[in-house]
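Only one structure is covered here, and it is reproduced in the block below.
Protein chains: 2
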Amino acid sequence: MSAGFPIGRAAEQSGVKVPTIRYYEEIGLLPAPPRTGSNRRLYGDDELKRLAFIRHARELGFDVDAIRTLLSLQDNPQQSCAAADAIARDRLLEVRARISRLRALERELERMADNCAHGHVGECRVIEILADGTHEHGRLGD
Amino acid sequence: MSAGFPIGRAAEQSGVKVPTIRYYEEIGLLPAPPRTGSNRRLYGDDELKRLAFIRHARELGFDVDAIRTLLSLQDNPQQSCAAADAIARDRLLEVRARISRLRALERELERMADNCAHGHVGECRVIEILADGTHEHGRLGD
DNA sequence: TTGCTATTCTCCAGTGACTATAGATTAGGG
DNA sequence: CCCTAATCTATAGTCACTGGAGAATAGCAA
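Chain order of the listed sequences is C and D. Residue 29 in this note's numbering is what sits at position 29 of the first sequence, and the numbering runs on without skipping anything. Residue 9 in this note's numbering is what sits at position 9 of the second sequence, and the numbering runs on without skipping anything.
Dropping the structure here:
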């Protein structure tokens, strides 16, 4: 039954820095929390999870707009199936594309570390790995 | 035996916009190409691959510094095994962390699309999926 | 050759997502 | 009560682009 905690603790718990939390509130990613009598923000566990989610999603390279749509799935569970489905499917395609790129890069980095273990660096082919010509110029994320 | 192509064609081939190519040159991610008599940049296939690589890596959320170290593997194949190995291993850890996060998100999005197919949205748990408390506060990428 | 549009050039200002600083106020411990 | 740490608002700076202004050049058609 805690009455909530201040922004500093929210920051250290969520891994999102204090000014960034205020920034997220400003741009509407995080709802404005209640304040104390002396005007200080009071956070609870829900905003903590939301913050950590935003942090991870940003680290994965999603831009704020993508995160907004992801959070809208969470926030409006009553919205039309069609809308939620469209959002989920789009993000799913994007996520899968990212995974396959990362796995290709993973294999190449493994190969290099492996070669190193045997005493020689060999040519690095990271460029060839990711520089394949598959142009889907429709943006995939940011 | 083409004498190279101008920046516009390099842009459309690589998927990197013209001003962004000039920017990459400015910050030293892309070597300054030769110029024509009238001072226009002339690119070849190698720069093209490098550009596409940079584009993909940025889309995957690597920052310019990370890309710089990745490219350094490519650029100095003669460098010490220890150095190359360290870079490759670090990036590998990072890449794997990203992959596992993305796979968790993939599963949740699949579940949602799946639920939708059966007529109900259900609660969205994207937040719980990524908002786990595993704090490795050492930055992983950017 | 002349005319015309497209492309390139450099430089500089603007955007998105933070990140840091300044100055004032408040909280909480000794 | 005092003092340091945390918080507040507001503003400015950073990173990685992105777009615009204005001038020069390319390339093609008449």
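From the three backbone atoms N, C-alpha and C, an ideal C-beta is built for every residue, glycine too. As the structure is a prediction and not an experimental result, all values here were calculated from the model.
CB-CB under 6 angstroms to Y24 (chain D), same chain, minus the five flanking residues each way: which ones, in chain order?
L30
Tell me whether E59 (chain D) is buried or exposed, calling it buried when 16 or more other Cβ atoms sit within 10 Å of its Cβ.
buried
Measure the C-alpha to C-alpha separation of R101 (chain C) and I67 (chain D) and round it to an integer number of angstroms.
15 angstroms
CB-CB length for L92 (chain D) against A113 (chain C), believed under 8 angstroms:
6 angstroms
Tell me which residue opens and which closes the alpha helix (DSSP H) that T20 (chain C) is part of.
V18 to E26
Do you know whose CA, among D:I27, D:R111 and D:R55, lies nearest E12 (chain D)'s CA?
D:R55
Mind checking if L105 (chain C) is an interface residue toward chain D, Cβ cutoff 8 angstroms exclusive?
yes
Measuring straight from C-alpha to C-alpha, what distance separates A86 (chain D) and T69 (chain D)?
11 angstroms
Using a Cβ-Cβ cut-off of 7 angstroms (strictly less than) and excluding sequence neighbours within five positions of R35 (chain D), which residues of its own chain qualify?
R41 and L42
So I99 (chain C) and R103 (chain D) are in contact, right, with Cβ under 8 angstroms, and what is the actual spacing, rounded?
6 angstroms
Using 8 angstroms as the limit for Cβ to Cβ distance, is R96 (chain D) near chain C?
yes
Any beta carbon from chain D within less than 8 angstroms of R101 (chain C)'s own beta carbon?
yes
Using a Cβ-Cβ distance under 8 angstroms, would A88 (chain D) count as near chain C?
yes
With D75 (chain D) as the anchor, note down where its alpha helix (DSSP H) starts and where it stops.
V64 to D75
Taking DSSP as the reference, what is the three-state secondary structure of R9 (chain D)?
helix
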